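Heads up: the sequence lines are chains L and P, in that order. Per this note's numbering, the very first residue in the first sequence carries number 436; after that it's consecutive. Per this note's numbering, the very first residue in the second sequence carries number 6; after that it's consecutive. Ideal Cβ positions, reconstructed from N, Cα and C, are used throughout, including at glycine. Keep in mind the model is a prediction, meaning the values are calculated, not measured.
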Amino acid sequence: MASTTDTAPPGAATPGTGPEAPPAAGDPASLKVVPTRHYARWAAGAAVVVLIAQFVHGLATNPVWEWQVFRDYVFSETIVQAVWVTLQLTAYATVLGFLLGTVLAFLRLSRSPVLSTVAWTYIWIFRSIPMIVQLVFWFNLSALYKELGFGIPFGPVFWSVDSNSIIGTMGAAVIGLTLHQAAYAAEIVRGGVIAVEHGQLEAAAALGIPRLRQIRRIVLPQAMRAILPTAGNEIIGLLKGTSVVYVMSIGELFYQVQVIYGRNGRVIPLLLVATAWYVVLTSLLSVAQYYVERRYARGADRTPPPTPLQRARRFIRTLRAAAAQRNQPVIPLKPLGDSR
Amino acid sequence: MSDVTVAVKDAKPTADGVMVDVHGVHKNFGPLQVLRGVDLTVRAGEVTVVLGPSGSGKSTLLRTINHLEKVDRGWISIDGELIGYRRSGSKLHELKEKDVLRQRTHIGFVFQNFNLFPHLTVLDNLIEAPVSALRRPRKEAEETARRLLERVGLADKTNAYPRQLSGGQQQRVAIARALALEPKVLLFDEPTSALDPELVGEVLDVIKDLARTGTTMIVVTHEIGFAREVADTVVFMDDGVVVEQGPPSAVLDSPQHERTRAFLSKVL
Ligand SMILES: Nc1ncnc2c1ncn2[C@@H]1O[C@H](COP(=O)(O)OP(=O)(O)OP(=O)(O)O)[C@@H](O)[C@H]1O
Ligand SMILES: [Mg+2]
């Protein structure tokens, strides 16, 4: 008995365990902490879990969803091909759009009133035109130019005289998406650049670092911190936005899905196929964004935040520690109970 | 401080030994006349400390010397080379940005708030300008950088990022970064004003060490003790003009002008 009381923390004694183990009133540091009980929060959580379970159960069992059709199509060649087209459209428009956007951003920031006005006008025009209107416009223009046997000065690659209609419409779609995206990218990049502290450019100038190098090495990497979250949004928006090129009969994901359910009438499962792919692609982009952001955060914090993996490990460690702590008072209490 | 010595470009003054020559410099910001005819000469290997009340134009003067600000009238030369302009006959032609940038590699500038590049390691901060502006081979630039870091007592911080350093350490890195270009003159704009009092000493020690090894420097500061100990010349500025200049003993202990006395009585 005496030995167990020695090892028991004084705070572990609860009223009623006997006069031989009084609560230590004097020293709060040795008292056991009882966390607040969030009963309402727990109840709400439980209710939500039940609702979600019900929904998932419905998804799985209700025949309306036709999961068999989903399974037949989700990895079918047509759909995989269409996903590839969607990815290509997204990649081209992202890369070209942000390249053009970066140039526009620096034109807009330039001290030359001509250049900055040109950039401002571009942004004004292309933000004003709905993407779908622009796409249809380019689509018709491309058809027209092909009949006449012309190439377009912007991209001879897309517009060579002997190009078949697919390359022609693909090119029109890429141009449309790029020009639209560039206007938004320009503002995002400009926002990032003006967020870089002025002293950074001044220090670079004082060191005699060449102008282009100042931008590439000093300004842009720091601007990336502000650019990336919004750019991530834009690219994800664009991924889904490519679905509007269905108006040009390009075989991207949404267009193909429509073609297929037009034929077989299985609308819901085919929309699910498209949804599933968009969700997967968006998730991949989000993960990529996380790591790119992390890369550009180097030096921004004294101690970089942990990666999800590190966080998971840390979480498990805290769980273990908590479990160990919870077990601790139980050990001395048992012999106390036994002594009764 | 470590006693490793680094060859800052040999003081090779013009015939009369003048390294920095500021002549009749005027500078306005709109209607505000900030510099109203400043004359200043700094000889090679000398330390000039500039004192003066807030708003007297000290920072503006330093910034005109490396052409971060254009002068409206007057001229500045370093080692006999006109800064920011080319002279042909009776006309001054403004230099292209590229040429101004080249001139700046001869002029080290240390800012009040360090302005280190936070996304680059200490080593990369030091080699960026030598590699990109002077086209030094990277290896050579790294060797110089390591020697300089040793000199300012930060050899162990080579791979740290600036935000992982204390203010005093950051300012010492900034000094090393300026030295990495082997400039002809170093300009300091209140290098210790952003520091906690206990960190001021370590930065001043580095500057004193540079003074001992014959680096030409112009230091704007409010540290009177430092001026007394290190300066060859103390310059007192007020309201856009040099009111009085001379050896520290003269300017600090027996100032001739009422404005100098008034200022010193406030800061001493
Ligand atoms: N870019 C600018 N535009 C307008 N006014 C300016 C500009 N830079 C400086 N000034 C003004 O010029 C005057 C001198 O400024 P300066 O920074 O040279 O003073 P200082 O002597 O360095 O003062 P401090 O000791 O406070 O640093 C101040 O009145 C300031 O407001
Ligand atoms: Mg100042």
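In chain order, F122, P123, H124 make up the part of chain P whose C-beta sits under 9 angstroms from the C-beta of Q657 (chain L). Per DSSP, M659 (chain L) is one residue of the alpha helix (DSSP H) stretching across 655-676. Counting only unbroken stretches of 4 or more residues, the alpha helix (DSSP H) elements lying wholly within the stretch 118-163 of chain P are 127-137, 143-156, in sequence order. The CB of R646 (chain L) comes closer than 8 angstroms to the CB of E102, K103, L106 in chain P, given here in chain order. For the stretch 195-209 of chain P, the set of residues with a beta-carbon nearer than 7 angstroms to any beta-carbon of chain L is empty. Chain-ordered, the residues whose CB falls short of 5 angstroms from any heavy atom of ligand 1 come out as P:F34, P:V39, P:S59, P:G60, P:S61, P:G62, P:K63, P:S64, P:T65.
Residue burial annotation: P260 (chain P) is buried, with at least 16 other C-beta atoms found within 10 angstroms of its C-beta. Membership of S82 (chain P) in the beta strand (DSSP E) is indicated by the continuous run 78-83. Residue environment for D44 (chain P): exposed (fewer than 16 other C-beta atoms within 10 angstroms of its C-beta). Distance from the CA of V190 (chain P) to the CA of A723 (chain L), rounded to the nearest whole angstrom, comes to 47 angstroms.
As for any beta strand (DSSP E) of minimum length 3 sitting wholly inside the stretch 687-746 of chain L, there is none.
The beta-bridge partner set that DSSP reports for R177 (chain P) is empty. By the criterion of at least three beta-carbon pairs nearer than 8 angstroms, the stretch 165-183 of chain P is in contact with the stretch 200-211 of chain P.
Going by beta carbons, G29 (chain P) and G79 (chain P) fall inside the 7 angstroms limit. At the C-beta level, V225 (chain P) and E195 (chain P) come within 7 angstroms of one another. Straight across, the Cα-Cα distance linking L663 (chain L) with P463 (chain L) is about 48 angstroms.
Just so you know, the alpha carbons of P142 (chain P) and K213 (chain P) end up roughly 30 angstroms apart. Closest in alpha carbon position to A138 (chain P), among P:L106, P:V157, P:A160, P:L128, is P:L106.
Within chain P, the residues whose beta carbon sits less than 9 angstroms from that of A638 (chain L) are F114, F116, F119, N120, L121, F122, A179, R182, listed in sequence order. Residues of chain P with a Cβ closer than 7 angstroms to the Cβ of Q635 (chain L) are, in chain order, N120, F122. Excluding five sequence positions before and after L494 (chain L), the CB atoms of its chain that fall closer than 8 angstroms to its own CB belong to W500, given in chain order.
For S93 (chain P), DSSP records a beta bridge to P:K96. In the same chain as V115 (chain P), and ignoring 5 residues on each side of it, the C-beta atoms closer than 8 angstroms to its own belong to Q176, A179, I180, A183, L191, L192, F193, D194, P196, in chain order.
Against chain L, a Cβ distance below 7 angstroms from Q169 (chain P) picks out R737. Note: G113 (chain P) is bridge-paired with P:L191 in the DSSP secondary-structure output.
Annotated three-state conformation of E622 (chain L) is helix, per DSSP.
Residues of chain P whose Cβ lies closer than 9 angstroms to the Cβ of R652 (chain L) are, in chain order, F122, L125, E133, S137. In this structure V52 (chain P) touches D237 (chain P) by the C-beta definition: roughly 5 angstroms separates them, less than 8 angstroms. The beta-carbon separation of T69 (chain P) and K32 (chain P), rounded to 6 angstroms, stays under the 8 angstroms limit for a contact.
Contact between P135 (chain P) and T126 (chain P) does not hold, since their C-beta atoms are separated by about 15 angstroms, which reaches or exceeds 8 angstroms. Across the stretch 69-81 of chain P, CB contacts with chain L closer than 7 angstroms involve N71, L73, in sequence order along the chain.
Taking a cut-off of 8 angstroms on C-beta distances, the stretch 676-693 of chain L touches the stretch 511-524 of chain L, as three or more cross pairs fall below it. For A641 (chain L), the C-beta contacts it makes with chain P under 7 angstroms involve N71, L73, R109, F114, in order along the chain.
From the beta-carbon of L186 (chain P), the residues of chain L found nearer than 8 angstroms are L642, G643. Here D214 (chain P) carries a helix assignment [DSSP, helix/strand/coil].
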